[in-house]
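Asks: Chains as they are written, first to last, in numbering that gives the first Met the number 0: chain A, 0 to 331; chain B, 0 to 322. Glycine included, C-beta positions come from ideal geometry on N, C-alpha and C. Remember, it's a predicted structure, so these values are computed and weren't measured experimentally. Here it is, the structure in full.
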Amino acid sequence: MADNKEPLLSVRSLAVEFRTDKGVVRAINDVSYDIFPGETVGIVGESGCGKSVSSLAILGLIPSPPGKIVHGSIKYRGQELVGLSEYGYRKIRGKSISMIFQEPMTALNPVFRVGSQMVDVICRHQKLSKREARLKAIEMLDKVGIPSAGKRIDEYPHELSGGMRQRVMIAMALSCGPDLLLADEPTTALDVTTQAQVMGEMAKLQKDFGMAVVLVTHDMGVIAETCKRVLVMYCGQIIESATVEEIFRCPQHPYTAGLLRSIPVVREKKLKRLPTIEGKVPDLLHLPDGCLYADRCPKVQDRCRKEVPKLVGETGKQRVACFYPNNREDLM
Amino acid sequence: MSNKLLEVKNLKKYFPIKGGLFRNVVNHVKAVDGVTFSIEEGKTLGLVGESGCGKSTLGRSLLRLQKPTEGTVVFNGKSVLDLSHTEMKALRRDMQIIFQDPFASLNPRMTIHSILREPLDTHRLGSPSSRDQKILEIMDIVGLRKEVLNRYPHEFSGGQRQRIGIARALVLGPKFIVADEPVSALDVSVQSQVLNLISDLQERLGISFLFIAHDLAVVQHVSHDVGVMYLGRLVEKASSEDLYKDPKHPYTQALLSAIPIPDPTKKTKRIELEGDVPSPINPPSGCSFHTRCPFAKDICREVDPAQKDLGSNTEHLVSCHLY
Chain A
0 MADNKEPLLS VRSLAVEFRT DKGVVRAIND VSYDIFPGET VGIVGESGCG
50 KSVSSLAILG LIPSPPGKIV HGSIKYRGQE LVGLSEYGYR KIRGKSISMI
100 FQEPMTALNP VFRVGSQMVD VICRHQKLSK REARLKAIEM LDKVGIPSAG
150 KRIDEYPHEL SGGMRQRVMI AMALSCGPDL LLADEPTTAL DVTTQAQVMG
200 EMAKLQKDFG MAVVLVTHDM GVIAETCKRV LVMYCGQIIE SATVEEIFRC
250 PQHPYTAGLL RSIPVVREKK LKRLPTIEGK VPDLLHLPDG CLYADRCPKV
300 QDRCRKEVPK LVGETGKQRV ACFYPNNRED LM
Chain B
0 MSNKLLEVKN LKKYFPIKGG LFRNVVNHVK AVDGVTFSIE EGKTLGLVGE
50 SGCGKSTLGR SLLRLQKPTE GTVVFNGKSV LDLSHTEMKA LRRDMQIIFQ
100 DPFASLNPRM TIHSILREPL DTHRLGSPSS RDQKILEIMD IVGLRKEVLN
150 RYPHEFSGGQ RQRIGIARAL VLGPKFIVAD EPVSALDVSV QSQVLNLISD
200 LQERLGISFL FIAHDLAVVQ HVSHDVGVMY LGRLVEKASS EDLYKDPKHP
250 YTQALLSAIP IPDPTKKTKR IELEGDVPSP INPPSGCSFH TRCPFAKDIC
300 REVDPAQKDL GSNTEHLVSC HLY
């Protein structure tokens with residue numbers, strides 16, 4: 000399906016490091032992926048796995064110092080983004096690639112009205128007068144499902160509820176018609192019923208605007224309902240890449256399988272014990288040799304502790320970074 | 000029938016809003032607005048609801064961390080709200096709390112040893128030398144190695160810190176623990192470890208829990224009974240099996256249907272709620288859910304629904320005009 004198209008965004012062997020007092024932390028190590036026009040790709044993983052850093056890197060938003068892209072390339076429609084000047088980034092941010100963040104209260108400026116923040120973005124990228132930009136902003140707020148948008152536009156962020164604020168963020172991010180939307184945990188701070196509303200709104204808008212979405216989340220439920228493809232990250236590496244159906248039917252990496260098993264879901268019959276993944280994520284400052292999951296892996300062998308498994312498999316198929324991946328019989 | 004350890008009747012907690020030149024009380028936030036329930040010995044009541052529905056305030060009011068405005072709390076035959084300070088302090092040995100944020104609830108300048116020792120010293124439990132023995136016992140139960148005794152909270156991961164919080168609650172040997180969102184700050188793989196620990200503790204030590212969470216799936220795993228709160232009220236309460244199999248209140252139904260299911264082959268029929276939760280300062284007249292309820296009738300706007308028991312074998316309490 001996506002094979003014959005040019006990728007919209009192409010990330011190649013990206014590595015990001017943070018210098019801390021205790022040493023250098025490699026937040027992302029050798030990450031490569033493509034995003035094609037119009038598709039929704041999920042990036043999942045637990046806290047500290049590098050999923051947020053990977054989306055911040057795309058827009059040059061990694062705080063530097065201490066952070067730095069030390070290796071690799073990020074190409075948007077063929078244009079190299081790594082090493083771009085601040086001026087160059089400004090032309091892209093908000094216009095071609097937009098981002099929404101987890102906590103809408105901190106992402107919005109509390110001392111400006113919602114409207115003026117939106118007009119700023121619109122005026123920067125489009126040749127519109129202030130008045131036209133305001134009309135455009137109202138239209139966008141209306142599209143994301145904010146009732147009486149004409150009135151709400153003159154309110155301050157603190158006057159809005161969490162769900163409304165996140166809708167404002169989405170409206171702002173989409174106001175210049177980007178090709179790619181990076182959504183970093185967009186619904187994590189919201190309640191489930193509000194989450195359902197916002198996700199529904201986003202899916203509808205994505206169809207209308209035809210943009211690609213990268214959805215960064217830790218919630219496998221959200222992934223299952225919205226994404227076509229999934230990248231699973233662990234300790235700064237992509238350890239599995241597959242379509243949503245494949246990941247849920249046959250998670251090949253033992254970590255993916257463990258992660259899926261341990262999600263608490265409402266079950267018909269209550270389990271006596273929840274399945275868990277033993278141990279904890281290794282310290283990013285002192286990463287072990289070999290496979291980073293080896294210490295927690297139930298299938299670990301000698302080879303796993305010596306060599307680092309690479310993400311193998313054909314492009315476009317299910318790919319996994321594991322020497323002894325699960326096949327379907329293992330999971331039955 | 001087993002014994003009721005905790006009985007709560009018509010509990011209310013109103014926070015005053017002050018305004019005007021003389022900072023007079025102009026209105027109230029009705030955080031908890033008339034809640035009645037009981038918890039049996041060795042059982043867990045799960046309490047779910049969205050942010051701002053008053054579930055944490057309820058938990059804190061039970062322990063008198065905040066003084067309730069009205070109502071009664073009877074714990075083990077004692078009326079908690081009428082006790083003097085000294086009596087209350089003695090009772091706190093039996094009632095403990097685990098907080099949501101393991102990063103904020105542990106003093107960063109105290110070692111694990113002093114964190115766990117402090118409650119024992121305050122309550123003068125056992126001889127000073129036996130207290131350290133007790134600490135080691137508890138650490139073993141919650142799965143902390145004894146080498147970590149002299150470390151500080153920042154040296155631990157979120158899951159480990161939550162274990163320390165649990166150990167602190169356990170060290171006095173309480174009969175009842177309020178667990179206020181104990182796993183919501185944790186990653187899924189760690190979350191299930193802590194949930195299993197809580198179930199184990201109950202089996203081993205026979206502690207009763209009030210388990211507060213916003214995640215319905217998490218609550219199902221640890222609770223015998225589940226209560227659903229909306230705008231300071233308990234709208235539905237039933238055994239865990241009944242509530243998940245056959246939710247009665249439209250709000251519970253919406254809440255359950257809104258959970259994203261981690262299975263792409265299953266499509267949920269979602270009951271989408273319109274709008275936001277109304278403000279608890281001026282809750283809607285009649286049934287507080289009528290502004291968002293897909294089945295709202297005229298009566299819902301005017302009359303506050305009474306609680307009815309719809310259960311056949313076990314109690315299934317619902318406050319809704321549909322039944």
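By how many angstroms is the C-alpha of B:L90 removed from the C-alpha of A:D183?
Replies: On the first sequence, residue 183 of chain A is found 184 positions in, with the first residue counted as 1. On the second sequence, residue 90 of chain B is found 91 positions in, with the first residue counted as 1. Roughly 45 Å separates the two Cα atoms.
Asks: Anything in the stretch 212-244 of chain A with a Cβ closer than 8 Å to a Cβ of chain B? List those residues in chain order, please.
Replies: Within the stretch 212-244 of chain A, the residues whose Cβ lies closer than 8 Å to some Cβ of chain B are H217, D218, M219, G220, V221, I222, A223, E224, V243 and E244, listed in chain order.
Asks: Let me know the secondary structure DSSP gives B:Q99 once reduced to three states.
Replies: Here residue 99 of chain B corresponds to residue number 100 of the second sequence, with the count starting at 1. B:Q99: coil per DSSP, three-state reduction.
Asks: For B:Q306, which residues in the same chain have their Cβ closer than 6 Å to its Cβ, ignoring the five residues on either side in sequence?
Replies: Counted from its first residue, the second sequence places residue 306 of chain B at position 307. Answer for B:Q306: L316 and S318, listed in chain order.
Asks: CB-CB under 7 Å to A:I121, same chain, minus the five flanking residues each way: which ones, in chain order?
Replies: Residue 121 of chain A sits at position 122 when you count from the first residue of the first sequence. These residues qualify, in order along the chain: L127, A132, K135, A136, S174 and C175.
Asks: Can you tell me the Cβ-Cβ gap for B:P181 and B:H153, rounded? I've got them flagged as a contact below 8 Å.
Replies: Working through the second sequence from its first residue, we reach residue 181 of chain B at position 182. Working through the second sequence from its first residue, we reach residue 153 of chain B at position 154. Not quite, the Cβ-Cβ distance comes to about 20 Å (not below 8 Å), so this is no contact.
Asks: For a contact defined as C-beta to C-beta under 9 Å, what are the partners of B:I260 on chain A?
Replies: Here residue 260 of chain B refers to the residue found at position 261 of the second sequence. What B:I260 touches in chain A: G220, A223, E224, V264 and V265.
Asks: Which residues in chain A sit within 9 Å of B:H320, going by Cβ to Cβ distance?
Replies: Position 321 of the second sequence, counting from 1, holds the residue named residue 320 of chain B. Neighbours of B:H320 on chain A: none; closest Cβ ~21 Å, over 9 Å.
Asks: What are the partner residues of B:V34, as DSSP defines its beta bridges?
Replies: The residue given as residue 34 of chain B occupies position 35 in the second sequence. Its beta-bridge partners are B:L10.
Asks: If you draw a straight line from the alpha carbon of A:L181 to that of B:Q132, how long is it in whole angstroms?
Replies: Indexing the first sequence from 1 puts residue 181 of chain A at position 182. Indexing the second sequence from 1 puts residue 132 of chain B at position 133. C-alpha separation (whole angstroms): 53 Å.
Asks: Could you tell me if A:D178 is buried or exposed, where buried requires 16 or more neighbouring beta carbons within 10 angstroms of its beta carbon?
Replies: Mapped onto the first sequence, residue 178 of chain A falls at position 179. It is buried - the Cβ of A:D178 has at least 16 other Cβ atoms within 10 Å.
Asks: Report the three-state DSSP secondary structure of A:T105 (helix, strand or coil).
Replies: Here residue 105 of chain A refers to the residue found at position 106 of the first sequence. Note: A:T105 maps to helix in three-state DSSP.
Asks: When you compare each of A:K316, A:P263, A:L58 and A:F35 to B:H220 by their alpha carbons, which one comes out closest?
Replies: Stepping through the second sequence from its first residue, residue 220 of chain B is reached at position 221. When each option's Cα is compared against that of B:H220, the closest is A:P263.
Asks: Which word fits B:F21, buried or exposed, when buried means at least 16 other C-beta atoms lie within 10 angstroms of its C-beta?
Replies: The count along the second sequence starts at 1 and reaches residue 21 of chain B at position 22. Flag for B:F21 reads exposed.
Asks: Please report how far the alpha carbon of B:Q324 lies from the alpha carbon of A:L13, in whole angstroms.
Replies: Shown here, chain B extends from 0 to 322; a query on residue 324 of chain B therefore has no answer.
Asks: Evaluate B:H223 with the Cβ neighbour count: other Cβ atoms within 10 Å of its Cβ, from every protein chain shown; 16 or more gives buried, anything less gives exposed.
Replies: Numbered from its first residue, the second sequence carries residue 223 of chain B at position 224. The residue is buried, with at least 16 neighbouring Cβ atoms inside 10 Å.
Asks: Taking only three categories from DSSP, how would you classify A:H217?
Replies: One-based indexing of the first sequence puts residue 217 of chain A at position 218. Residue state, collapsed to three classes: coil.
Asks: Kindly indicate the opening and closing residues of the alpha helix (DSSP H) around A:T192.
Replies: As a working note, residue 192 of chain A is residue 193 in the first sequence. Here the alpha helix (DSSP H) through A:T192 covers V191 to F208.
Asks: Using a Cβ-Cβ cut-off of less than 8 Å, list which residues of the stretch 166-193 of chain B approach chain A; keep chain order.
Replies: Against chain A - using a Cβ distance shorter than 8 Å - the residues of the stretch 166-193 of chain B are D186, V187, S188, V189, Q190, S191 and Q192.
Asks: Going by DSSP, what residue range makes up the beta strand (DSSP E) through B:T110?
Replies: Position 111 of the second sequence, counted from the first residue, corresponds to residue 110 of chain B. That residue, B:T110, is in no beta strand (DSSP E); it is neither H nor E in DSSP.
Asks: Just checking my contact of B:V47 with B:A212 at CB under 8 Å: how many whole Å lie between their CB atoms?
Replies: The residue labelled residue 47 of chain B in the question sits at position 48 within the second sequence. The residue labelled residue 212 of chain B in the question sits at position 213 within the second sequence. Right, the Cβ-Cβ distance comes to about 6 Å (below 8 Å), so this counts as a contact.
Asks: Give the interface partners of B:H213 over in chain A, defined as CB-CB distance under 9 Å, in chain order.
Replies: Sequence index remark: in the second sequence, residue 213 of chain B carries index 214 (1-based). Residues of chain A passing the Cβ test: D190 and V191.
Asks: Within the continuous alpha helix (DSSP H) that includes B:H315, where are the two ends?
Replies: Position 316 of the second sequence, counting from 1, holds the residue named residue 315 of chain B. Looking at the DSSP string, B:H315 is not in any alpha helix (DSSP H); the run it does join, the beta strand (DSSP E), is H315 to S318.
Asks: Could you check whether the Cβ of B:S239 sits closer than 9 Å to any Cβ belonging to chain A?
Replies: Numbered from 1 along the second sequence, position 240 holds the residue referred to as residue 239 of chain B. By this cut-off, B:S239 is an interface position.
Asks: Counting contacts by CB-CB distance shorter than 9 Å, is A:Q194 in contact with chain B?
Replies: Position 195 of the first sequence, counted from the first residue, corresponds to residue 194 of chain A. Output row for A:Q194: interface = yes.
Asks: Please state the DSSP three-state secondary structure of A:I73.
Replies: For this step, residue 73 of chain A is matched to residue 74 along the first sequence. The answer is strand: DSSP assigns A:I73 an E or B state.
Asks: Can you tell me whether DSSP reads B:Q161 as helix, strand or coil?
Replies: Reading the second sequence from its first residue, position 162 is the one you call residue 161 of chain B. Of the three classes helix, strand and coil, the one that applies to B:Q161 here is helix, per DSSP.
Asks: Strictly below 8 Å CB to CB, what residues from chain A border B:N195?
Replies: Counted from its first residue, the second sequence places residue 195 of chain B at position 196. Residues of chain A passing the Cβ test: R272, L273 and T275.
Asks: Suppose the cutoff is 8 Å on Cβ atoms and the five residues either side in sequence are ignored; what does the same chain contact list for A:Y88 look like?
Replies: The count along the first sequence starts at 1 and reaches residue 88 of chain A at position 89. Around A:Y88: L58, G59 and L80.
Asks: Find out if the Cβ-Cβ distance for the pair B:I176, B:L169 is shorter than 9 Å.
Replies: Taking the first residue of the second sequence as 1, we reach residue 176 of chain B at position 177. Taking the first residue of the second sequence as 1, we reach residue 169 of chain B at position 170. Yes. Within cutoff.
Asks: Counting only Cβ pairs nearer than 8 Å, list the residues of chain B close to A:F247.
Replies: Stepping through the first sequence from its first residue, residue 247 of chain A is reached at position 248. The answer, in chain order, is P261, D262, P263 and T264.
Asks: Quick check for students: name the residue ranges of the beta strand (DSSP E) that lie wholly in the stretch 241-290 of chain B, counting only runs of 3 or more.
Replies: If we require 3 residues or more, the stretch 241-290 of chain B turns out to have no beta strand (DSSP E) run fully inside it.
Asks: Relative to the C-alpha of A:M139, which candidate in A:Q196, A:K90, A:A170 and A:G47 has its C-alpha closest?
Replies: Here residue 139 of chain A refers to the residue found at position 140 of the first sequence. Considering only alpha carbons, the answer is A:A170.
Asks: Measuring straight from C-alpha to C-alpha, what distance separates B:L62 and B:S183?
Replies: If you number the second sequence from 1, residue 62 of chain B lands on position 63. If you number the second sequence from 1, residue 183 of chain B lands on position 184. Rounded to the nearest angstrom, the two C-alpha atoms are 21 Å apart.
Asks: Would DSSP call A:Y155 helix, strand or coil?
Replies: Locating residue 155 of chain A in the first sequence gives position 156, counting from the first residue. Three-state DSSP puts A:Y155 in coil, outside helix and strand.
Asks: The alpha helix (DSSP H) that contains B:T85, what's its start and end?
Replies: Within the second sequence, the letter at position 86 stands for residue 85 of chain B. Residues H84 to L90.
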